[in-house]
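Asks:
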Amino acid sequence: MASKPKQLLTELSHPGPHEVLRGNLALVGLPGVVFTPSRGLGLPALAFGHGWLQPPTRYRRLLHHLASWGVVAAAPATQTGPLPSHRLLAGDLLTTLDVITTIRLGPDGISVDPDKLGLAGHSTGGGAAVLAAAQSAAAGDDGKPRVRAVATVAAAQTFPPASESAKVVTVPGLHLAVEDDLVAPPVGHAEAIARNWAGPVQLRALGKSSHLAVTEGRHWSQLLLQGKPQRGTQQLTRALFTAFFLTHLTGTDKYLPLLDADVKRAAIELPEEPAA
173 MASKPKQLLT ELSHPGPHEV LRGNLALVGL PGVVFTPSRG LGLPALAFGH
223 GWLQPPTRYR RLLHHLASWG VVAAAPATQT GPLPSHRLLA GDLLTTLDVI
273 TTIRLGPDGI SVDPDKLGLA GHSTGGGAAV LAAAQSAAAG DDGKPRVRAV
323 ATVAAAQTFP PASESAKVVT VPGLHLAVED DLVAPPVGHA EAIARNWAGP
373 VQLRALGKSS HLAVTEGRHW SQLLLQGKPQ RGTQQLTRAL FTAFFLTHLT
423 GTDKYLPLLD ADVKRAAIEL PEEPAA
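Here the sequence shown is numbered in my numbering, starting from 173 and rising by one per residue.
(1) With distances taken from CA atoms, which of 297, 309 and 275 is nearest residue 347?
(2) Note the first and the last residue of the continuous beta strand (DSSP E) segment covering residue 345.
(3) Return the chain-ordered list of same chain residues with a C-beta closer than 7 Å to the C-beta of residue 240, the five sequence neighbours on each side being excluded.
(4) Can you find a CB in chain B that lies within less than 8 Å of the CB of residue 177?
(5) Would you mind stating whether residue 218 and residue 417 have Cβ atoms separated by less than 8 Å?
(6) Quick check for students: name the residue ranges of the alpha helix (DSSP H) that lie wholly in the region 222-285, counting only runs of 4 or more.
(7) Three-state secondary structure (DSSP) at residue 443?
(8) Please classify residue 443: is it buried, with 16 or more other beta-carbons within 10 angstroms of its beta-carbon, or exposed?
(9) May I ask you to report which of helix, strand or coil DSSP gives residue 390?
(10) Looking at the secondary structure, which residues open and close the alpha helix (DSSP H) in which residue 429 lies?
(11) Measuring only the C-alpha atoms, how far is residue 208 from residue 321?
(12) Between the alpha carbons of residue 273 and residue 283, how many angstroms are there, rounded?
(13) Flag residue 190 as yes when its Cβ comes closer than 7 Å to any non-hydrogen atom of the ligand MN, and as no otherwise.
(14) Taking the alpha helix (DSSP H) that residue 397 belongs to, which residues open and close that run?
(15) Which ranges does the beta strand (DSSP E) cover as unbroken runs of at least 3 residues, wholly within the region 303-338, from first to last along the chain?
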């Protein structure tokens with residue numbers, strides 16, 4: 173019997189069945205962190221882009237959670253200053269995917285399947301993930317994009333605009349917008365990106381949230397940016413990201429009922445269907 177959306181949401185809000193290892197990308201020449209299941213070959217993987225001024229460590233639980241469900245999750249620690257290059261961060265996200273697919277991870281030789289790759293990000297890191305997906309689509313050797321799915325939370329526009337790059341991204345997209353975001357209001361940021369998406373896309377509105385709600389711990393940037401860490405937003409993001417990437421990177425249909433349903437504080441604003 174198929175599980176109901178609420179049951180799946182509860183299931184995916186908890187850590188998955190895998191023990192998790194943490195590694196340092198700097199060991200292979202790129203500053204950042206990587207979280208992996210303790211074992212496995214041909215695993216799905218994603219690269220995560222941090223928000224403006226945010227170190228990747230502020231997303232530790234999110235990355236750890238994805239790894240506990242069998243998804244290798246890596247985040248480069250580049251472009252963390254006040255004047256970052258979004259284009260370079262996008263390039264670093266793609267480099268991160270190259271790194272984790274070409275080396276064995278962990279003591280038991282964990283490996284990543286190059287056909288099961290995704291991108292994700294928060295704030296301008298979400299926008300950079302869209303830029304990276306567009307670059308990947310343009311560089312596909314066989315006409316197919318190397319990146320298979322993209323998810324963002326509180327996505328912010330970039331330079332060049334992520335909403336323009338979205339026009340060439342044909343893989344599935346999930347965008348979690350913050351209703352009262354004072355840093356990146358949805359209408360000009362996440363909503364604009366989703367409405368221009370060339371492939372199947374879903375836009376959800378996160379209620380009772382803020383721009384920094386998905387981040388973890390304390391950081392001096394909270395003096396400049398709206399909001400602070402919020403457990404409810406973090407749990408929703410972890411569950412929805414996990415359902416989305418397991419569905420689109422592994423081919424399972426177990427979590428489709430959750431992805432197709434409105435859930436409390438994360439109502440669907442745009443359905444998952446190709447843009448006109």
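For glycine and all other residues, C-beta sits at the position ideal for the given N, C-alpha and C. All figures in this text were calculated on a predicted structure; none of them were measured in a lab.
Replies: Taking the coordinates as given:
(1) The residue labelled residue 347 in the question sits at position 175 within the sequence shown. For residue 347, the nearest C-alpha among the options comes from 297.
(2) Within the sequence shown, numbered from 1, the residue matching residue 345 stands at position 173. Note, residue 345: beta strand (DSSP E), 345-350.
(3) As a first step, residue 240 must be located in the sequence shown, where it is residue number 68. Result list for residue 240: 187, 188, 190 and 192, in chain order.
(4) The chain labelled as chain B is not found in the depicted structure, where only one protein chain is given.
(5) Numbered from 1 along the sequence shown, position 46 holds the residue referred to as residue 218. Numbered from 1 along the sequence shown, position 245 holds the residue referred to as residue 417. Yes, the pair counts as a contact, with Cβ atoms nearer than the cut-off.
(6) Runs of the alpha helix (DSSP H) inside the region 222-285: 232-240 and 258-274.
(7) Reading the sequence shown from its first residue, position 271 is the one you call residue 443. Three-state DSSP puts residue 443 in coil, outside helix and strand.
(8) As a first step, residue 443 is located in the sequence shown; it is residue number 271 there, counting from the start. The C-beta of residue 443 has fewer than 16 other C-beta atoms within 10 Å across all chains shown, which makes the residue exposed.
(9) Stepping through the sequence shown from its first residue, residue 390 is reached at position 218. Residue state, collapsed to three classes: coil.
(10) Taking the sequence shown and counting its residues from 1, the one referred to as residue 429 is at position 257. Per DSSP, residue 429 is one residue of the alpha helix (DSSP H) stretching across 428-431.
(11) For this step, residue 208 is matched to residue 36 along the sequence shown. For this step, residue 321 is matched to residue 149 along the sequence shown. About 19 Å.
(12) Along the sequence shown, one-based indexing puts residue 273 at 101. Along the sequence shown, one-based indexing puts residue 283 at 111. Taking the straight line joining both Cα atoms gives about 7 Å.
(13) Questions concerning the ligand MN fall outside what the structure shown contains, since it holds no ligand whatsoever.
(14) Counting from one through the sequence shown, the residue named residue 397 turns up at place 225. Residue 397 -> no alpha helix (DSSP H), and no H or E assigned at all.
(15) Listed in chain order, they are 319-325.
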